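So the sequence shown is numbered by the UniProt record's numbering: it starts at 1 and just counts up by one. Notes follow the structure.
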Amino acid sequence: MIVSAWRQAYFSGTNPRRDVMTETLERTAIVTGASKGIGAAIAKRLASDGLAVVVNYSRDEQPALDVVAAIKADGGRAIAVKADIGAASGAAALFDAAEQAFGGVDVLVNNAGIMALAQIATVEDADFERQVAVNLGGTFRGMREAARRLRDGGRIINFSSSVVGFYQPAYGVYAATKAAVEALTHILAKELGPREITVNAVAPGPVETELFMAGKSEEMLKTIIGLNPRKRLGQPGDIASVVSFLAGPDSGWVSGQIIRANGGAI
1 MIVSAWRQAY FSGTNPRRDV MTETLERTAI VTGASKGIGA AIAKRLASDG LAVVVNYSRD
61 EQPALDVVAA IKADGGRAIA VKADIGAASG AAALFDAAEQ AFGGVDVLVN NAGIMALAQI
121 ATVEDADFER QVAVNLGGTF RGMREAARRL RDGGRIINFS SSVVGFYQPA YGVYAATKAA
181 VEALTHILAK ELGPREITVN AVAPGPVETE LFMAGKSEEM LKTIIGLNPR KRLGQPGDIA
241 SVVSFLAGPD SGWVSGQIIR ANGGAI
């Protein structure tokens, strides 16, 4: 069985806030949108850190089952749970499943999101409403559920985007939803501080995933890569490493922060 870095630090007494941390032998994380891309990398990384993981998916079950199988093959614990986080009942269903399978929840990673690019004058109402429902509504309901049900000393990790700082044409609605997520992150961090629950957001730059690569020409990709000081696209593992830190014992004094994981682009 994987040995948790958190458990090693916590039970060795190196964590100064042991008095408020859960004493369960295994911590549990919910990762939304975890069947592919960044979410899948996060789920596997947290499992390797010793957490039991709820792998959320909304439509295609097989990729989520593949993530669960990979985690179990490495000695971890995981289940796949179907839930649409854009729906009113999505967040509660994930917490219900986690509590039934693993006894409680310590970490929520609000990773799931969608992006429909269009200049503001051409945005269709359906695209606007769906992005707001998933990116903002889903994250809000996840945060609300976590505020009610997360164990003391837990972690909430939201996902914003570095496009909030770029303000590029065609990203208007998407960037607006992510800016709202950042505002919620700052506020909930203050509300949950007395319970030693940290709330942060990760704002990736361009990451080489199926979602990002879709519809982009080779010339466009070269331009994007050329704008980054590191001269490459981010990889899902780059982002999973940041989430691992925020979910772990060494980030206890980090809360209300937006971490722009983009290789120094901004």
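Note that CB positions come from ideal geometry on N, CA and C, so glycine has one too. Model, not experiment: these values are computed from the prediction.
**Prompt:** Exposed or buried, which one is Asp-74 when buried takes at least 16 other CB atoms within 10 Å?
**Reply:** Your numbering for residue 74 matches position 74 in the sequence shown. Flag for Asp-74 reads exposed.
**Asked** In whole angstroms, what is the alpha-carbon distance linking Asp-250 and Ala-240?
**Response** Taking the first residue of the sequence shown as position 1, residue 250 is located at position 250. Taking the first residue of the sequence shown as position 1, residue 240 is located at position 240. Taking the straight line joining both Cα atoms gives about 15 Å.
**Request:** Go ahead and pull the three-state DSSP assignment for Lys-36.
**Result:** Position 36 of the sequence shown, counted from the start, is the residue given in the question as residue 36. It is coil, neither helix nor strand.
**Request:** On a CA-only basis, which of Val-53, Gln-62, Arg-59 is nearest Lys-72? Give me that one, please.
**Result:** Locating residue 72 in the sequence shown gives position 72, where the first residue counts as 1. The candidate whose alpha carbon is nearest that of Lys-72 is Val-53.
**Item:** Ile-156: first and last residue of the uninterrupted beta strand (DSSP E) it sits in
**Value:** As a first step, residue 156 is located in the sequence shown; it is residue number 156 there, counting from the start. Per DSSP, Ile-156 belongs to the beta strand (DSSP E) from 155-159.
**Prompt:** Over what stretch of residues does the alpha helix (DSSP H) that includes Val-164 continue unbroken?
**Reply:** The residue labelled residue 164 in the question sits at position 164 within the sequence shown. From DSSP, the alpha helix (DSSP H) with Val-164 extends over 163-166.
**Message:** Measuring only the C-alpha atoms, how far is Ala-92 from Gly-142?
**Reply:** Taking the sequence shown and counting its residues from 1, one reaches residue 92 at position 92. Taking the sequence shown and counting its residues from 1, one reaches residue 142 at position 142. Straight-line measurement puts the Cα of Gly-142 at about 8 Å from the Cα of Ala-92.
**Sequence-distant residues of the same chain with beta carbon closer than 8 Å to Gly-237, five excluded per side** = What you label residue 237 is simply residue 237 of the sequence shown in a count that begins at 1. Cβ within range, chain order: Ala-41, Arg-45.
**Message:** I need the boundaries of the alpha helix (DSSP H) containing Lys-82, first residue and last residue.
**Reply:** Along the sequence shown, read from residue 1 onward, the residue named residue 82 stands at position 82. Unbroken run through Lys-82 is the beta strand (DSSP E), 78-82; no alpha helix (DSSP H).
**Message:** In this structure, how does DSSP classify Ile-85 when only helix, strand and coil are distinguished?
**Reply:** Working through the sequence shown from its first residue, we reach residue 85 at position 85. Note: Ile-85 maps to coil in three-state DSSP.
**Prompt:** Which term fits Met-220, buried or exposed, when burial requires 16 or more other beta carbons within 10 angstroms of its beta carbon?
**Reply:** The count along the sequence shown starts at 1 and reaches residue 220 at position 220. Met-220 comes out exposed.
**Request:** Report the rounded CA-to-CA distance for Asp-106 versus Leu-188, giving the unit in angstroms.
**Result:** The sequence position of residue 106 within the sequence shown is 106, counting from 1. The sequence position of residue 188 within the sequence shown is 188, counting from 1. C-alpha separation (whole angstroms): 16 Å.
**Request:** With a floor of 3 residues, list each beta strand (DSSP E) that falls wholly inside the stretch 184-247, ordered by position along the chain.
**Result:** 198-202
**Request:** Could you spell out the range, first to last residue, of the beta strand (DSSP E) harbouring Ala-261?
**Result:** In the sequence shown, counting from the first residue as 1, residue 261 sits at position 261. No beta strand (DSSP E) contains Ala-261, which DSSP labels as neither H nor E.
**Prompt:** Pick from Ile-79, Gln-119, Val-173: whose alpha carbon is nearest that of Glu-61?
**Reply:** As a position in the sequence shown, residue 61 is number 61, starting the count at 1. Of the listed residues, the one whose Cα sits closest to Glu-61 is Ile-79.
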